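Only one structure is covered here, and it is reproduced in the block below.
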Amino acid sequence: MLTGRKEASQNANDGGSPWRRALRRPGRIAMPLLTLLGRVHDGMPLAGTQDSHPDLGEFQRQAKAILNSLTHSSPARSIISSPPYVYYYVIEDAVCYICMCDPHYPAQLAYQYLEQVQHQFMLAHGDQVNQFSRPYAAIAFDTRLNRLRREFLDPRSSDNIAKLNANLTQVHNVMRSNMNEILKRGEHLSSLEDKTVELKEASKKYLSTAKWAAWTSAVKAWAPIIIVVCVIMIMLYVKLG
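Residue 75 in this note's numbering sits at position 45 of the sequence shown, and the numbers go up by one each step.
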């Protein structure tokens, strides 16, 4: 009886949120714990999990690191290990859809979830993707996103088992990596960006110096001629005057 009261109290403290309880007890609940949608070309997040829960902060940062590491040549699908969880992502129409699950969640179901998110997001905001100018501009999509997450909450439900049985998605050929590789790649890209900025600044300084040098050189070349012409004009003016 005391155990039941303790569990009820714990559930109340967690706000009744199953993903929060899952973060505390990895492996017990295998739902998609986090979702992030963002543009590939600039890494700007458009929609996703909006929660200030401290247990989720580091995983949100990791998801954003994955998003920022992507380029136009990145694989369309990838599985990224970050113990005790796993990230899955799908890139469609220059938008990346990322979810984090515990390792017991079926990969095929995770990809079905991301495909559903992609389909719903394109229906709602497909023509606005390139127009969004600030992070999480598609926050209105959160309602649909949370509805989809609830549908994929329990991989053992009859609906999700049916989805798995009907699923044709192959995951054994999907590229796999780990979070350390992603973070190193992000540091490398950041270093390249810094060097690019430095080169641009150096180029601007060089062009400015070159223009000044060209101007002073032209002045030195034409100065004697200008002086002679001015002297002749003054002499003619004095003589004729």
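Don't be surprised by glycine CBs; every beta carbon is placed ideally from N, CA and C.
These numbers were taken from a predicted model, which means no experiment stands behind them.
Helix, strand or coil for residue i per DSSP?
i, result
"R164", "coil"
"S187", "coil"
"N210", "helix"
"M263", "helix"
"I257", "helix"
Could you spell out the range, first to last residue, of the alpha helix (DSSP H) harbouring residue i?
i, result
"M152", "A137 to H155"
Considering only C-alpha positions, which residue in the set the options is nearest to residue i?
i, options, result
"F171", "Q150, W242 and P185", "Q150"
"M272", "L266, Y127 and K235", "Any question about residue 272 goes unanswered here, given that the chain covers just 31 to 271."
"N98", "P136, T79, V116 and A124", "A124"
"T173", "M61, H71, G68 and A77", "A77"
"L178", "L100, W252 and A140", "A140"
"E145", "A243, Y119 and W242", "Y119"
"G68", "D85, F89, L100 and P62", "L100"
Give the range of the beta strand (DSSP E) segment to which residue i is assigned.
i, result
"L178", "Element bounds for L178: not the beta strand (DSSP E) but the alpha helix (DSSP H), D172 to E181."
I believe residue i touches residue j by the beta-carbon criterion, under 8 Å. Please report the beta-carbon distance rounded to the nearest angstrom.
i, j, result
"K94", "P114", "In fact, because the Cβ distance is near 19 Å, the residues do not count as touching under 8 Å."
"S108", "V201", "Actually they are not in contact, since the Cβ atoms of S108 and V201 sit about 11 Å apart, beyond 8 Å."
Task: Every unbroken alpha helix (DSSP H) inside the region 51 to 130 [4 residues or more] - done: 84 to 99
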